[in-house]
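> Residue numbers (my numbering): 1092 to 1327.
Ideal placement from N, C-alpha and C gives every residue a C-beta, glycine not left out.
1. Taking the beta carbon of residue 1182 as the centre, do at least 16 other beta carbons fall within 10 Å, making it buried, or is it exposed?
2. In or out: residue 1163 buried (at least 16 other Cβ within 10 Å) or exposed?
3. Any idea what DSSP makes of residue 1130, helix, strand or coil?
4. Measure the Cβ-Cβ separation of residue 1308 and residue 1265 and say whether it is below 8 Å.
5. Look up residue 1089 in the DSSP assignment and say whether it is helix, strand or coil.
6. Considering only the beta carbon of each residue, do residue 1188 and residue 1150 sit closer than 8 Å?
7. With which residues is residue 1143 paired in a DSSP beta bridge?
8. What three-state label does DSSP hand residue 1179 in the structure shown?
9. Do residue 1247 and residue 1261 have their beta-carbon atoms positioned less than 8 Å apart in this structure?
10. Which parts of the stretch 1197-1224 are runs of the beta strand (DSSP E), unbroken and 3 residues or longer, counting only runs that do not cross its ends?
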């Protein structure tokens, strides 16, 4: 007879992944995760409340040996635990790693509250194909785009829940190895793959790599689950 321990996760963790080209055979991978602030344990420090927790980030190569692991100490501050609960605040962060293409990986983020010991976990599998010819990054979805030093950065939003006050879906996309005039269009699809909404095509000029970011009004969409598809065409 063998005994084993099954971990119990009490803290909900939402995650998302962004994949970008770093080189022909290397991808720059960002992992976005969020934790409901109300699920953390806060202590009063001065005029605010502070929660301490750990984040264990693990990347495992599923096609061979090799595993990356790092533990990060984290802090979360709120005006009060009750305020965090009423406003549904979240602790959001980004983890990044460079990975070789042509392999399958298991990504996991485990959160542990330092005071209560409660845990939460998110994980996903990922295959990284080589960057050959015209290609694009994954689409980052957010509720806000930040401009800084002439560049656009999406605010990480792994929950990807819209509606209510969040009526504009912001997106960020990188395109690679496209030269000349590029025709770019976005489509909102249903779960079954039907086109619900087509965003007007735009024509852009590219010297090789291109960044596109903007917003889509989704107020007319019915409650449900949708997918956002991007399609680019250059030089015919």
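Let me lay it out:
1. Buried: at least 16 other Cβ atoms inside 10 Å.
2. With fewer than 16 other Cβ atoms within 10 Å, it is exposed.
3. Helix, per DSSP.
4. No, the Cβ-Cβ distance between residue 1308 and residue 1265 is not below 8 Å.
5. Because the chain is modelled from 1092 through 1327, residue 1089 falls outside the range shown and cannot be assessed.
6. Taking a C-beta distance under 8 Å as the contact criterion, residue 1188 and residue 1150 qualify as a contact pair.
7. According to DSSP, residue 1143 bridges with 1166.
8. Coil.
9. Annotated as distal: residue 1261 and residue 1247, with beta-carbon spacing of 8 Å or more.
10. Within the stretch 1197-1224, the complete beta strand (DSSP E) segments at least 3 residues long are 1210-1219, listed from N- to C-terminus.
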